[in-house]
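S.K.:
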Amino acid sequence: MNKKRVFSLLLAGFLVLGAAGALAAGFNIYEAGVRATALGGAFTATADDGSALFYNAAGMSFHQGARLNLNLMPIGPRFKYQGAVDATGPGEYAEVEHKWYLVPGAYYTNNTHEKLAFGVGVYAPFGLGVEWMDPMNFVGRYVSYDVDIQTVYVTPAVSYKVTPELAIAVGADIAEQHLSLQRITPHPELGVNALDLEIDGTSKINVTPSLGLMYRPDDKLSVGLMYHHEKTLEFEDQDATLTNMIDAGDPGYSWSSLLLNSIGGGDQTISSELNLPYILSLGAAYQVTPRVRVEGNYVHFGWSTFEKLAMDFSTDSLDNEIHFAYEDSWQVRFGLNYEAVPGELNLMAGYVYDTTPQPTASVSPLLPDSDRKDYSLGVQYFKNSWEFSACYMFVKADERSNIENGQPANPDPSYPVGTYKNLANIWGVGVGYHF
Numbered sequence: 018m019n020k021k022r023v024f025s026l027l028l029a030g031f032l033v034l035g036a037a038g039a040l041a042a043g044f045n046i047y048e049a050g051v052r053a054t055a056l057g058g059a060f061t062a063t064a065d066d067g068s069a070l071f072y073n074a075a076g077m078s079f080h081q082g083a084r085l086n087l088n089l090m091p092i093g094p095r096f097k098y099q100g101a102v103d104a105t106g107p108g109e110y111a112e113v114e115h116k117w118y119l120v121p122g123a124y125y126t127n128n129t130h131e132k133l134a135f136g137v138g139v140y141a142p143f144g145l146g147v148e149w150m151d152p153m154n155f156v157g158r159y160v161s162y163d164v165d166i167q168t169v170y171v172t173p174a175v176s177y178k179v180t181p182e183l184a185i186a187v188g189a190d191i192a193e194q195h196l197s198l199q200r201i202t203p204h205p206e207l208g209v210n211a212l213d214l215e216i217d218g219t220s221k222i223n224v225t226p227s228l229g230l231m232y233r234p235d236d237k238l239s240v241g242l243m244y245h246h247e248k249t250l251e252f253e254d255q256d257a258t259l260t261n262m263i264d265a266g267d268p269g270y271s272w273s274s275l276l277l278n279s280i281g282g283g284d285q286t287i288s289s290e291l292n293l294p295y296i297l298s299l300g301a302a303y304q305v306t307p308r309v310r311v312e313g314n315y316v317h318f319g320w321s322t323f324e325k326l327a328m329d330f331s332t333d334s335l336d337n338e339i340h341f342a343y344e345d346s347w348q349v350r351f352g353l354n355y356e357a358v359p360g361e362l363n364l365m366a367g368y369v370y371d372t373t374p375q376p377t378a379s380v381s382p383l384l385p386d387s388d389r390k391d392y393s394l395g396v397q398y399f400k401n402s403w404e405f406s407a408c409y410m411f412v413k414a415d416e417r418s419n420i421e422n423g424q425p426a427n428p429d430p431s432y433p434v435g436t437y438k439n440l441a442n443i444w445g446v447g448v449g450y451h452f
C-alpha cells in the first residue's frame, strides 16, 4: 500500500468526522476505537492499535512497523422523561428522537525506527446529541429542545523508548468544537411560545498537551498512564437567531415584535467559552495464560472546570448563563481478551462503572446524566496484513430525578421537575492494515 493510498484513507476519516455528534456520560465519548470499546475501554496498558493516540500514545513504541486503523461507531441514545406526580396525577411524558450519531476515528502509527515511534489520530472524545420529540409542546423546551455538540481532536504524537521496557510519549491535542442549541422563550403573561432562539457556532482551534507512559517489565505485565489536558474552547461572534413564533394578529404578537425591534432585530451574535475536563487514566494488564489477557483501568475526569455556559450576546439585555457546576468524576474499566485462534481470532469482553459529574440541580432536558454501567463484547479477525473488528456495547444509566428532599433541586421554574431514564446502544466496526 503506497503512501498516496494511506493519505487518501486518512483523509476519508477526517471528512466523515464532520458528521459526528453523540451522547455519553457527562458528554465524554470514551469509545475511540472498536477493539478498545470491546474491552470496555480498558486499554491504557495495552494500546496495541492506532487508537493508542487517545488511550496511551506510548503504546506506539511496542507496535511493529506502520499501521492504519479506521473505525466507525454508531451510537443510539434513548432518553425518557416522566414528570413528577402531583395532585392532578403524573406529569407530562416525553422522549427523544430515535437517532443514530456516528463517531468515527482514523489513526496512522509508524514504529519503523529503533527507538522513536510517531503517529496522528483523528477522533471525537466529547459530544452530545439530545433532540426531544414534539419540541413545540415539550415541557422542557424553555431550557432546550435540541442540542448538538461535536468536538473533533487531531492528535499528532511521538513516543520514545527509553529502555526496552519503558516508553514515554508526548502529543498535541488540536481541537475544534461545533455547538448548536435551540430553546423557546414564552410570552410572560400568555404562556405561549413567543421566541425561538437558535445558537450555532464553531470554536477557535485550541491546542493542549497529552502524555503517555508504558512500562512492560516482562512478557506478562504491562502498566500504562494516559493524560489529556483540560481545554477552554472559545466561541467569538457566532450566530444567534431569534424568531417570532406568534402569528401577526394573534394575542402576544405585538409583544414579541416590539421586543425584537428593541434589540435591533432577531439576527444577533454570541460569544462564549466551554470548558472540557482533563482525562487521566492508570491501567495494568496481565497475561494470565498464553491465551487470556486481562486489564483494569481507573479513569479520572477533571469535570469541575465545567461550571457554566455564559452567553454574551451582541445585545447586552439578552446575556444569560446556564449553570452546570459539575464535579470531578471517575470510572473503573475492565477488559478480557481471549485468543480463540492464536494469531487469527480474538474474542473480547468488558465492563464499566461510570460515575456522573452532574449535580442534581443541573439535571435537565439539556443533559439528564447519571451513573451508568456498560457491558461490551467484540471480535477481532486477522488475515495476512489486515485486521477486522466489530463490537457492541450496552449502556444502562441509573434512573435520575431532579428532586431533593421533596423539592425541585433547581429553583428555576423553566426546569421541568421529574425523572429521567436513559440507555444507549453502541455498535462498532473497524478495519486495520499493517504495512
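Numbered according to our numbering, the sequence shown spans residues 18 to 452. Backbone N, C-alpha and C fix where the C-beta goes; we use that ideal spot for every residue, glycine too.
For Q199, is the beta carbon positioned less than 7 Å from some heavy atom of the ligand COA?
M.R.: Ligands displayed in this structure: none; no statement on the ligand COA is therefore possible.
S.K.: Taking R233 as the reference, which of Y303, G82, L362, F318 has the closest Cα?
M.R.: Comparing Cα-Cα distances from R233 to each of Y303, G82, L362, F318, the minimum goes to Y303.
S.K.: May I have the straight-line CA-CA distance separating L85 from V169, to the nearest angstrom?
M.R.: Whole-angstrom Cα-Cα distance: 19 Å.
S.K.: State the DSSP-derived secondary structure class of A192, mapped to helix, strand or coil.
M.R.: strand
S.K.: How do the segment 289-303 and the segment 240-252 stand: do at least 3 beta-carbon pairs fall below 8 Å, yes or no?
M.R.: yes
S.K.: What's the C-alpha gap between N278 and Y270?
M.R.: 12 Å
S.K.: CB-CB under 7 Å to P428, same chain, minus the five flanking residues each way: which ones, in chain order?
M.R.: Counting only Cβ-Cβ distances below 7 Å, and skipping sequence neighbours, we find nothing.
S.K.: Check G76 in the structure and name its three-state DSSP category.
M.R.: helix
S.K.: What three-state label does DSSP hand R233 in the structure shown?
M.R.: coil
S.K.: Quick one: any contact between the segment 319-331 and the segment 350-363, if contact means 3 or more CB pairs under 8 Å?
M.R.: No, the segment 319-331 does not touch the segment 350-363.
S.K.: Mind checking V139: buried by the 16 CB within 10 Å criterion, or exposed?
M.R.: Counting Cβ neighbours within 10 Å, V139 comes out buried, since at least 16 surround it.
S.K.: From S68 to G108, what does the alpha carbon distance come to, in whole angstroms?
M.R.: 45 Å
S.K.: Using 10 angstroms around the beta-carbon of N422, count the other beta-carbons present and answer buried if the total reaches 16, otherwise exposed.
M.R.: exposed
S.K.: From the DSSP output, in three-state form, read off T377 for me.
M.R.: helix
S.K.: Just to confirm the assignment: which complete beta strand (DSSP E) runs, minimum length 3, are found wholly within the segment 128-194?
M.R.: 133-148, 163-178
S.K.: Quick check on T63: buried or exposed, where buried means 16 or more other Cβ atoms within 10 Å of its Cβ?
M.R.: With a threshold of 16 other beta carbon atoms within 10 Å, T63 meets it and is buried.
S.K.: Assess contact between the segment 121-132 and the segment 148-167, defined as three or more Cβ pairs (one per stretch) separated by less than 8 Å. Is contact present?
M.R.: no
S.K.: Beta carbon of P385, beta carbon of P433: below 8 Å?
M.R.: no
S.K.: Rounded to a whole number of angstroms, what is the C-alpha to C-alpha distance between N45 and V349?
M.R.: 15 Å
S.K.: Within a Cβ cutoff of 6 Å, which residues of the same chain sit near G447, ignoring the five residues on either side of it in sequence?
M.R.: V51, N88, S406
S.K.: Quick one: what does DSSP say N278 is sitting in, helix, strand or coil?
M.R.: helix
S.K.: Do you know offhand how far V175's Cα is from L230's?
M.R.: Each residue's Cα considered, the two are about 11 Å apart.
S.K.: On the premise that Q199 lies in contact with L214, defined as a C-beta separation below 8 Å, what is that separation, rounded to the nearest angstrom?
M.R.: 7 Å
S.K.: Please report the Cβ distance between L440 and R158, rounded to the nearest whole angstrom; I am assuming they are in contact, meaning their Cβ atoms lie under 8 Å.
M.R.: That pair is no contact at about 23 Å.
S.K.: Please report the Cβ distance between F252 and S289, rounded to the nearest whole angstrom; I am assuming they are in contact, meaning their Cβ atoms lie under 8 Å.
M.R.: Rounded, the Cβ-Cβ distance is 5 Å, consistent with contact.
S.K.: Assuming T249 and N292 form a contact by the criterion Cβ under 8 Å, report the distance between their Cβ atoms to the nearest whole angstrom.
M.R.: 5 Å
S.K.: So what does DSSP say about Y454, is it helix, strand or coil?
M.R.: Any question about residue 454 goes unanswered here, given that the chain covers just 18 to 452.
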